[in-house]
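First to last, the protein sequences are chains E and A.
Read in the numbering used here, the first sequence has 50 at position 50, and its numbers run on one by one without any break.
Read in the numbering used here, the second sequence has 149 at position 149, and its numbers run on one by one without any break.
Beta carbons are placed, not taken as given, at the ideal position from N, Cα and C, and that holds for glycine.
What follows is one structure encoded as structure tokens, with my remarks underneath.
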Amino acid sequence: MTSTATGAAGSSTRERFRSGVEAAASTYLEQPDWSAVVAYVAARTDTVALAPSLAADKPDLADALEAAGCAIVVPDQDDPAASVADVAVAIVQGELAIAETGSVLVSEHLLGDRVVTMLCRQLVQVVPADRLVDRLEEVADWLASRGGQPGFASLMTGPSRTADIERSLTIGVQGPDEVEVIVLTATTDELVEGRP
Amino acid sequence: MTLRPFEERYAAALADDDVRTGLTAFQRGWRDSRDAAIDALEQQEGRSFDELREELAAIKDRVVADWSYYLDEFEEKAVAAGAEVTRVATPGEANAHITNVVKAAGADLVVKGKSMVSEEIGLNAHLEANGITPVETDLGEWILQLAHETPSHLVMPAIHKRKERIAALLEQVLGREYAPDDIPTMVKAARTQLRDRFLASGVGLSGANALIAEGGSIMLVENEGNNRMSVALPPIHVVTAGIEKLVPTYADAMKQVRLLGRSATAQPITVYTNFVTGPRPGQRQHILLLDNGRTAMADDPDVAAALRCIRCGACANVCPPYGIVGGHAFGHVYTGAIGLVNTAFHHGMEAAAGPQSLCVSCGACAQVCPVDIPLPVQIMEVRRKVVESEVAVPAGRITALALGAFANRRLFGLGMRVTGVVSTPFRRDGITALPRLLADRGPVHTATGWRTPPAVPARPARDTLKPGKLDEPPRLAAQPLAGRSVSLFLQCLSDRLAPQIPIAAARLLRAAGARVTVPREQHCCGLPAYDSGEHDTARAMVRQTMAVLADADDVVTPASSCLAMLGHDAPHLLRGDVDEVERAQQLAGRTYDLIGYLTQGPGRLPAGSLDDGDRTPVTVHRFCQASNTLGRQDVVERFLRDVAGVPVVPLPEASECCGFGGSTSLRNPEVARGILDRKLGCVDRTDASILITDNPGCILHLRGGIHASGQQVRVLHLAEYLAGRLDGAAVDGDRGPRS
Ligand code: SF4
């Protein structure tokens, strides 16, 4: 991500992102940091699926959730789909949040990353405020600068939906039917950056 | 392909009332939400829709101009990311390749995300013939697969099916009852049915909305999430994409995203915009790049711009005949306006021939196309190719024969005069009275029962307009045309079938001070021939018209369609000769339709100058091409308010075609009738008793329809309406408006 994109993420950008998220029928939330996310999630569910890349990136996140009383499922290598079959809530981390459209860019290179966003019914997308950008062109820059990595990146804007029957909007077809977008507002993140 | 012959599809669509009712509601809803979405985009970007779509069009054109460069770049990057890339020329090669991949993997189940290319090549039938089960996972496609039908729309494949039919279908297939109003439960059924398939399938198949050369990435946009599951979960991912889907960079792809969602479903962005670059660990990815007529399109300047298409479906959503018969008749595998163009190249002339006569040439598609494809001109070019290819189109041949006589001014004139004299006893108010008895039965009823045909007057306008034959009209106080010579171009149709229109126009122009002449040798601008794909005949008629009007000063016609023909289509037809184009443009530069002459031309009338005090409200049908081709909006309405002082009730869907549409009303009367009914429904909602418009074709069509329906509405040409106010308006001297 370019530094200008980070610098541009002022409060009005955040407001536009928020209204985009809400227009897409997701829920918008702000939490100061990951610890607050842990508390928020643990208060609402007792089992949570973590995207493997998130679990690897934040090794103490699983511990923190377990300490808060949540059972953790990180999809395994062999049969990742089966391992999340009965889990309702999943957490992923967004690479970017795009004010123009209210979208979150999620990279899902591994099969395990994909099953949590595709098979779980409630998806929590967490994105630090410094990942907030104004326009889709900044997503293009991000993708271009990585030379094709990650192999699978999706702009997600709201829960899965269809209007294929008489153009009547129905939420939740193949993907999740509830999406919560949580923006982390603290400048430093204890849970991650506090560790060596 | 397994599509039924056109005539069968057409008859089936007409027999199904759901198609028309459902699509009319869909088109209205889409139009409102799409317009709002595009307005918001213009605000957000601080640029007009035209600027934005030109930018995207330029990107797509750049790719086609340097196609092998971008194909190579894409292939190199995709291969570096781990994909296997194969270029195939024909559907046969594509099907064989995919079947081999599936068989080599030992798979017998394929899950499919929505892919128009797989429809184009007939992949499902091919897989089934090889013992492989393809499962459509897009909700609409899944429903159609259960019903053994094909998509009728590029984006909303099952838009022709009402919820009652879908509920009955699901009950039949799944063995439990579904309430038609409970759409969420039907959607849930699809989820339950498909979930295991995604996980059990050995191969996932997708299309591509864009192939991004810079990164070797595939862009897939969708709302349901089925496409990403088809791509991501199975151990093999097969992509089929047309080679026109290339864009150079990710930034270019984002420009497509901005216009695609809004043009397709009025969304700023779809729920998922997936960028797929190579396979995931443990997966294999095969990318098939299909030509199937695309390089032939690029080599043909008549249609090359159609390769810009991003398959948004907007051109179908504004298409009046599509709203009557739907995509199973209007198009082939590809539906809507674009289907009338690219079918000839992907599926052959025979497949392209059937639906050609359905297009009413209203031009609405070109207004909404997010890549600015000149669809109406391209449809005319493909129509010409169909006629020249001489594939069997019975109705087309009949028109061609009739045109032979029509092209000959003397023969045509003589025929019309004889008909006019013979039919005199049956004529009342300019439309035929007696033949209604005949018209209520059998095939004559299909053609005329809903629209009383115009009677042929005994004398054409040109006879009445001979020097010295007309009374002096009252002279208006305002004389903007004093000392000016105006050549009146009568329009062939009005001259013979509605002479009162050019006669009224002449009266009005003379009242404003003009000296009106009617060049004797004038005949026809060439539009009917152009419309029938007979370009040689059309060119001959254009040239004849240019010769007749070569020395005229201002040329005024009461027919806006002739203006569109002379200004837009004639230069296109004559494009082989720069001198001719220049002469055509010079003529177009001094040719006006009546409203243009009275508002922007020399005949500008001051406010109130035709106010005779009559305040009976009127409503205005805008000639579709005046809006779409000539770029007019509410010019007639404003003129009537300002200059005639009359209240104008806005007509809903004012710029939509009335259904006359040139040859459509002759060759596809059922479609012309359906469109007319929609228009008359809108007129009814205004409560106005006078309907004004300014194109004679529309007038004959609307008048006939209103007569047959018994509606109490007078249909008047602008010239007739205004000339009718001359006696009471402020005239030379002192008299003010009557009160
Ligand atoms: S021709 Fe234009 S309007 Fe029609 S589907 Fe293609 S891009 Fe959309």
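Between the alpha carbons of residue 490 of chain A and residue 187 of chain A lies a gap of roughly 58 Å. Residue pairing by DSSP places residue 210 of chain A opposite A/219 in a beta bridge. Listed in chain order, the non-local C-beta contacts of residue 380 of chain A below 6 Å within the same chain number zero, local neighbours out to five positions each way being set aside.
Distance between residue 165 of chain A and residue 672 of chain A, taken at the CA atoms: about 27 Å.
The three-state reading of DSSP puts residue 660 of chain A in coil, since its state is none of H, G, I, E or B.
At least one heavy atom of the ligand SF4 lies closer than 8 Å to the C-beta of residue 263 of chain A. With respect to chain A, the C-beta atom of residue 81 of chain E has a partner C-beta closer than 9 Å. At least 9 Å separates the CB of residue 60 of chain A from every CB of chain E. Pairing residue 206 of chain A with residue 704 of chain A, the inter-Cα distance amounts to about 50 Å. Relative to the Cα of residue 58 of chain E, the nearest Cα in the group E/166, E/137, E/126 and E/159 belongs to E/126. If you check the C-beta of residue 31 of chain A against the ligand SF4, you find no heavy atom less than 8 Å away.
Residue 143 of chain A has its CB no nearer than 8 Å to any heavy atom of the ligand SF4. Closer than 8 Å to some heavy atom of the ligand SF4: that does not describe the Cβ of residue 359 of chain A. For residue 460 of chain A, the secondary structure class from DSSP, reduced to helix, strand or coil, is coil. Chain-ordered, the chain A residues with CB closer than 8 Å to the CB of residue 170 of chain E read 183, 184 and 187. According to the DSSP secondary-structure assignment, residue 123 of chain E is paired through a beta bridge with E/90 and E/179. Annotated three-state conformation of residue 165 of chain E is coil, per DSSP. For the pair residue 339 of chain A and residue 303 of chain A, the Cα-to-Cα distance works out to about 12 Å. Spatial neighbours of residue 101 of chain A in its own chain (CB-CB distance under 8 Å, excluding positions within 5 residues in sequence) are listed in chain order as 203, 236, 238 and 286.
With a cutoff of 8 Å, residue 556 of chain A does not count as near the ligand SF4, since its C-beta is closer than that to no heavy atom of the ligand. With 16 or more neighbouring CB atoms inside 10 Å of its own CB, residue 522 of chain A falls in the buried class. Boundaries of the beta strand (DSSP E) around residue 557 of chain A: 554–557. For residue 116 of chain E, the three-state secondary structure derived from DSSP is helix. Within chain E, no residue has its CB atom less than 9 Å from the CB of residue 311 of chain A, the nearest being about 16 Å off. DSSP, read as helix, strand or coil, puts residue 286 of chain A in strand.
Contact of residue 44 of chain E with chain A is not assigned, every C-beta pair being separated by 9 Å or more. Contacts with chain A at 9 Å (Cβ-Cβ) include residue 137 of chain E. Between residue 154 of chain E and chain A, the shortest Cβ-Cβ separation is below 9 Å. Inclusion of residue 309 of chain A in the 8 Å shell around the ligand SF4 follows from its C-beta lying nearer than that to a non-hydrogen atom of the ligand. With a beta-carbon spacing of about 15 Å, residue 508 of chain A and residue 696 of chain A fall beyond the 8 Å limit used to define contacts. Counting only runs of at least 4 residues, the segment 461–498 of chain A fully encloses the following alpha helix (DSSP H) elements, listed from N- to C-terminal order: 461–464 and 492–497. When the beta-carbon positions are compared, residue 593 of chain A and residue 626 of chain A come within less than 9 Å of each other.
Unbroken beta strand (DSSP E) stretches of 3 residues or longer found wholly inside the segment 78–148 of chain A: 83–88, 109–112 and 133–136, given in chain order. From the listed residues A/622, A/274, A/717 and A/587, the smallest Cα separation to residue 143 of chain E is found for A/274. With fewer than 16 other Cβ atoms inside 10 Å of its own Cβ, residue 103 of chain A counts as exposed. Taking a Cβ-Cβ cut-off of 8 Å, residue 15 of chain E has no neighbours in chain A, whose nearest Cβ is about 14 Å from it.
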